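2 protein chains.
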Amino acid sequence: MLQRIAILGTGLLGASTGLALRAAGFPGEIIGWNRSPEQGQAAVSNGSIDSLAPDIFTAVRGSQIILLATPIYSILDLMEQLSGVLTPAQLLTDVGSTKAIITAAGNRLYNQPGRAGFLPGHPMAGKELGGATNAEAAIFHNAVWIFTTLASDDNPAQLPPAAVELAAEWRTWVKAFGCRMLDIDAARHDELIAWVSHLPQFLATAFTALIEDQVGDTDELKAVGGRALREMTRLGASPYSMWRDIAYTNTDSIARSLHALEQRLAHIRENLRTPELRDEFDLANRFRKG
Amino acid sequence: MLQRIAILGTGLLGASTGLALRAAGFPGEIIGWNRSPEQGQAAVSNGSIDSLAPDIFTAVRGSQIILLATPIYSILDLMEQLSGVLTPAQLLTDVGSTKAIITAAGNRLYNQPGRAGFLPGHPMAGKELGGATNAEAAIFHNAVWIFTTLASDDNPAQLPPAAVELAAEWRTWVKAFGCRMLDIDAARHDELIAWVSHLPQFLATAFTALIEDQVGDTDELKAVGGRALREMTRLGASPYSMWRDIAYTNTDSIARSLHALEQRLAHIRENLRTPELRDEFDLANRFRKG
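Just so you know, the protein sequences line up as chains W and S, in that order.
Residue numbers for the first sequence follow our numbering, so the first one is 1 and each next one is one higher.
Residue numbers for the second sequence follow our numbering, so the first one is 1 and each next one is one higher.
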C-alpha cells in the first residue's frame with residue numbers, strides 16, 4: 001500500500017494531481033517540493049500537498065511514488081539527480097508534454113536491474129494559466145492520461161518487476177481522477193501530440209501575436225471580436241517558460257505540423273472564390289460531427 | 001411608435017433578434033419570412049416570430065422596420081426586390097457580416113429623397129450552429145452591434161429625415177438587447193472584421209480540416225486533444241453556405257490577413273529554438289492581459 005507520494009514541482013499539474021489524489025480519497029501522505037518555496041507554500045495553503053520538503057532528496061526518501069511535474073528540461077535534470085538515490089522499491093513517473101527524450105532517459109537511468117522503475121506519463125489536461133493557485137482536481141475529468149510504455153525499436157525497456165505493482169497502483173489513482181488511459185509508444189506520442197496539442201498552441205500564439213500587432217492598441221476593437229476572438233486567443237496567454245522546452249524537444253514534429261498549416265491557409269487564401277473552399281469547410285464540418 | 005417589425009430570414013440571427021425583441025419587452029407584432037417555410041415554422045414554434053408571411057411583399061407591407069437576416073447575396077437580392085415597394089415611412093436594416101457592398105447598395109437604392117431609409121448593421125454575435133432552433137436572445141448580451149453609417153468618400157449618403165426617428169428607435173431596441181453600439185465607416189469595418197472575425201473562422205476551418213486529414217479516422221486520438229483541440233476546432237462546424245458570401249465580398253482583406261498569418265507561422269516555425277520565440281509568446285501574452 002502507498003504510504004507517501006512525493007510531487008516535485010507544485011505548479012498547475014503537480015498541485016492539481018495532489019488535489020485529485022485527495023478528491024479520490026488517497027489516504028496517505030503527500031509531500032511536495034518546488035524550486036520556488038513561495039509557490040510551494042501556495043500548494044500547501046490550498047491543500048494540494050501536506051507539507052513542503054526543503055530539497056528533493058528529503059522529498060523522495062520514504063516516498064513510494066515520485067511524480068515529476070516540472071518543465072521538461074527540469075524533469076530530465078531531476079531524473080539525473082535522483083538516479084543514484086532511488087531504490088527498486090520506488091517508482092518515478094512524470095507529466096512531461098513530450099515523451100521521446102524523457103522515455104529514453106528513463107530507460108537508460110531507471111528500468112534496469114537493481115534500479116527504480118520509471119513510468120513515463122502525460123496527462124492531456126491543462127490551462128493557459130499556471131501555478132498552484134489555478135490548480136483544481138477537475139482538470140482531469142474525462143481527460144486522457146497517456147503512458148508511453150509500449151516497447152518499440154527505440155524503446156526496448158520495460159518496468160522492472162518490483163515497479164510493476166506500484167505502476168498498477170498509480171494507474172488505479174489516475175483512473176480515480178476521472179481519466180481514461182492510453183498506452184502508446186513515445187515516438188508516436190510526440191508525432192500525434194504535435195498535431196492535437198502543440199500545433200493548437202503555436203497557432204494560437206501566432207494568431208494572438210498578429211492580432212496584438214494589428215488591433216492591440218484599441219480596446220474597443222478587441223471587444224468587437226466576440227466569442228470567436230476570445231476563444232481563438234485564449235491559449236495566447238500560455239507562458240513561454242513552459243513551451244520553450246516543448247519546442248526544443250519536439251522541434252521536427254512541430255515544424256512539420258506548422259508547415260502543413262501554412263500550406264492549408266495558403267490553399268484557402270488562393271481559393272476564397274472557388275468551389276475548393278467548400279471542400280475545406282466540408283472536411284472541417286466532418287471532424288466536428290465525427 | 002413601432003407597431004410591426006418584419007424579419008426576413010429566420011435563421012440564427014433573425015430568430016435570435018425576434019427572441020431578443022420579446023425579451024426586451026417589444027409590444028408590437030413580429031412577422032417573419034423565410035425561403036424555407038419549414039425553417040420559418042421553427043421560428044414561429046419557438047416564439048421568435050408571431051407569424052410567417054407567404055412572401056416578402058406581404059411581410060413588409062405595414063411593417064415600419066424590416067430586418068434583413070439572410071446570407072449576404074440574398075440580402076442584396078432582397079434590397080433590389082424591395083426597392084420599388086418600400087416607402088419613406090419605412091426603415092430597412094440588416095445583419096450582414098460584410099458591409100462595404102451592402103452599404104453602397106443601400107445608399108444607391110435607398111437613402112434618397114422619396115425613398116425608404118437603409119441602416120446598415122452588423123451584430124458581432126453568432127454561433128457555429130445556425131437555424132432558428134439554435135436561436136437565443138442571450139447571444140447579444142455584451143456583444144457589439146456595429147452600424148456603418150459614418151460618411152466617407154465611398155459612402156457620402158445619410159439617412160433621409162423620415163428614417164432618422166425609426167433608426168433611433170431601432171438603436172433603442174438594440175441597446176435593450178444588451179448590445180454596445182459602434183458606428184464606423186463601411187470600408188474600415190470590412191478591414192477590421194477581417195482580422196477579428198473572418199480570420200479566426202478561416203483559420204479554424206484550415207486547422208480543423210488539417211486535423212481531420214491527420215487524425216480524423218481515429219476517435220481515440222481526437223479525444224486526446226482535450227480542451228485546446230475542442231476550442232480551436234469549434235468554429236470548424238460553421239457552414240460553407242454562410243461563409244461563401246463573406247469570402248466573396250471581403251476577399252482582399254481576408255486574403256491579406258491569411259497571408260500575414262502564414263508569415264507569422266513560418267516565423268515561429270523557423271524560430272522554435274531561438275529567443276525570437278519568446279517575443280511571440282510575450283506579444284500574445286500582452287493581448288490577453290491588455
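By construction, the Cβ of each residue, glycine as well, lies at the ideal position given by its N, Cα and C atoms.
All values reported here derive from a predicted model rather than from experimental measurement.
Per DSSP, reduced to three states, the secondary structure at residue 7/S is strand. DSSP, reduced to helix, strand and coil, places residue 189/S within a helical segment of the structure shown.
Chain S places no beta carbon closer than 8 Å to that of residue 50/W, leaving this residue out of the contacts. Residue contact with chain W for residue 282/S: present (Cβ-Cβ distance below 8 Å to some residue of chain W). In this structure the region 132-144 of chain S does not touch the region 103-120 of chain S; the number of beta carbon pairs closer than 8 Å is below three.
Under DSSP, residue 241/W shares a beta bridge with no residue.
Considering only beta carbons, the part of the region 185-201 of chain W lying closer than 7 Å to chain S consists of 192, 195, 196, 197, 200 and 201, in chain order. In the structure shown, residue 51/S falls within a strand segment according to DSSP collapsed to helix, strand and coil. Contact check for residue 245/W against residue 71/W passes: the beta carbons are separated by less than 8 Å. Cβ-Cβ distances below 8 Å link residue 199/W to 254, 257, 258 and 261 in the same chain, with the five nearest sequence neighbours on each side left out; the list follows chain order.
Between residue 78/W and residue 150/W, the beta carbon gap of about 24 Å keeps them out of contact (Cβ cut-off 8 Å). The C-beta distance from residue 286/W to residue 216/S rounds to 7 Å, short enough to fall under 8 Å.
Contact check for residue 232/S and residue 207/S: beta-carbon distance about 6 Å, within the 8 Å limit, so the pair qualifies. The C-beta distance from residue 105/W to residue 162/W rounds to 20 Å, too long to meet the 8 Å contact threshold. Residue-level contact by beta carbon holds for residue 285/S and chain W, with a gap shorter than 8 Å. The three-state reading of DSSP puts residue 267/W in helix, counting H, G and I together. Residue pairing by DSSP places residue 113/S in no beta bridge whatsoever. Using a CB distance cut-off of 8 Å, residue 141/S does not count as an interface residue toward chain W. CA-CA distance, residue 187/W to residue 53/W, rounds to 34 Å. Straight-line spacing of the CA atoms in residue 110/W and residue 224/W works out to 54 Å. Scanning chain W for C-beta atoms nearer than 8 Å to the C-beta of residue 13/S yields nothing, as the closest lies near 13 Å away.
Taking CB atoms only, residue 234/S has a neighbour in chain W less than 8 Å away. Counting along the chain, residue 26/S sits inside no alpha helix (DSSP H), nor does DSSP assign it H or E at all.
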